[in-house]
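Shown next, in structure tokens, is the structure this report addresses.
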Amino acid sequence: MIEVENLTRFYGPTAAIQDVSFRVDQGQIVGFLGPNGAGKTTTLRILSGYLPATSGTARVAGFDVFKESLAVRRRLGYLPENVPLYPEMRVRTYLDFVAEVKGVPRQERQRRVAAAMERCRVDDVANHLIGSLSRGYRQRVGIAQAILHDPEVILLDEPTVGLDPKQIIEIRQLITELAGQRTVILSTHILPEVEMVCQRVIIINQGKIVAVDTPENLKAKIRTSARVLLQVDGPAVAVRDHLERVPGVLRVEERPERADGRIRYLVECAPDRDLRRDLAAAVVRQGWGLSELRPADVMLEEVFIRLVTEESPHEQPAGQEGEP
304 MIEVENLTRF YGPTAAIQDV SFRVDQGQIV GFLGPNGAGK TTTLRILSGY LPATSGTARV
364 AGFDVFKESL AVRRRLGYLP ENVPLYPEMR VRTYLDFVAE VKGVPRQERQ RRVAAAMERC
424 RVDDVANHLI GSLSRGYRQR VGIAQAILHD PEVILLDEPT VGLDPKQIIE IRQLITELAG
484 QRTVILSTHI LPEVEMVCQR VIIINQGKIV AVDTPENLKA KIRTSARVLL QVDGPAVAVR
544 DHLERVPGVL RVEERPERAD GRIRYLVECA PDRDLRRDLA AAVVRQGWGL SELRPADVML
604 EEVFIRLVTE ESPHEQPAGQ EGEP
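Counting in this note's numbering, the sequence shown runs from 304 upward without gaps.
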């Protein structure tokens, strides 16, 4: 559905992206991750036809982004980071205007606008001025304009930035509903969102792709030891020192305090060692309270931090999973 090969974009002597290659299949929701300035927005702008590339190729729904730009735009919906909204317009009027600009036939506009408003749950504010809406509603209006023409591919650039937790949940549900037969690329810095909704992840750093894989495979690659999470009621320094003395423990890391003031400890154990019983016994022998003990999985955030802090990012062949 989306095929990108050796995509490069220079601004003067500076490469915003360089030799970017990846493939996204139909119906997938793919997370596009990277630090600020890594090249995410540049890549999405090129795919959407808003920005030319210096070199490389890109195809969307079988059409060349550069040679068949109009055909690509008919099949692609784009929500930029700064949503192109007009605060003085009413929601329905704005969407009708966008439908006209996008070439939706006059006889279909009313139906398409109504369907997009219902899908994005903004039909209850159809006659409100956009400038009077909350940020969450404005984001939903932005997504509505992206899907008016029923595109096969949707590009979402930071759709949840600045939203409160309730609004984030609503947008997440909407993104999941939009997928199905559509292909969605979700550019975001909120990693839990990616773990919840994305089947695959593309990580870009310093303009180069450093990983293309499923979240599960990426986490498995850095899972080199068994990990246990404990919450212990005891003096932090003494608890940490005591846990480190348990045979088979490689490292103990304090996790931030919770609201109740208690500290959690992440214990890394030797591979293939289940030390939960030994750790519990060590805590109980000291007379400390043990209120939590469970296996701890690798988080996507840890994968992201490790990959983007490597000194020399390396390329990922397009569409190949299982390789960093």
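Glycine included, C-beta positions come from ideal geometry on N, C-alpha and C. Predicted model, so just to flag it, every value in this text is computed and none were measured.
{"Item": "How many angstroms separate the CA atom of P550 from the CA atom of R530?", "Value": "14 Å"}
{"Item": "Using 8 Å as the threshold, is the region 410 to 425 in touch with the region 450 to 468, meaning 3 or more CB pairs across them?", "Value": "yes"}
{"Item": "Do you know how far the Cα of P559 is from the Cα of Q534?", "Value": "11 Å"}
{"Item": "For L382 and T317, what's the separation of their Cα atoms in angstroms?", "Value": "26 Å"}
{"Item": "Just list the residues that DSSP pairs D516 with in beta bridges.", "Value": "V504"}
{"Item": "Which whole-angstrom value is the C-beta distance of A447 and L398, which I expect to be below 8 Å?", "Value": "6 Å"}
{"Item": "Tell whether a beta-carbon distance below 8 Å holds between L582 and L553.", "Value": "no"}
{"Item": "Please go through the same chain and pick out, in chain order, the residues whose beta-carbon is closer than 7 Å to the beta-carbon of V428, but skip the five residues on each side of it.", "Value": "V394, L436 and Y440"}
{"Item": "Just to check, is the beta-carbon of I505 closer than 7 Å to a non-hydrogen atom of the ligand FAD?", "Value": "With respect to the ligand FAD, the structure shown offers nothing to examine, as it has no ligands at all."}
{"Item": "Can you check DSSP and say which residues form a bridge with C572?", "Value": "A529 and V552"}
{"Item": "Sort I507, E403 and P574 by Cα distance to R609 and report the nearest one.", "Value": "I507"}
{"Item": "Do I505 and V515 have their C-beta atoms within less than 8 Å of each other?", "Value": "yes"}
{"Item": "Between K370 and L569, what straight-line distance do the alpha-carbon atoms span, to the nearest angstrom?", "Value": "53 Å"}
{"Item": "Please say whether I474 and T466 have beta carbons closer to each other than 8 Å?", "Value": "For the record, residue 466 in the displayed sequence is Leu; it is not Thr. It is a contact, given that the beta carbons lie within the stated cut-off."}
{"Item": "Quick check on DSSP: helix, strand or coil for A361?", "Value": "strand"}
{"Item": "When the Cα atoms are used, what is the spatial distance from Q589 to P538?", "Value": "11 Å"}
{"Item": "Mind checking who Q534 pairs with in its DSSP beta bridge?", "Value": "R567 and E595"}
{"Item": "Can you tell me whether Q321 is buried or exposed, with buried defined as 16 or more other CB within 10 angstroms of its CB?", "Value": "buried"}
{"Item": "Does DSSP put G340 in a helix, in a strand, or in coil?", "Value": "coil"}
{"Item": "Please list the terminal residues of the continuous beta strand (DSSP E) segment that includes I478.", "Value": "That residue, I478, is in no beta strand (DSSP E); its alpha helix (DSSP H) goes P468 to L481."}
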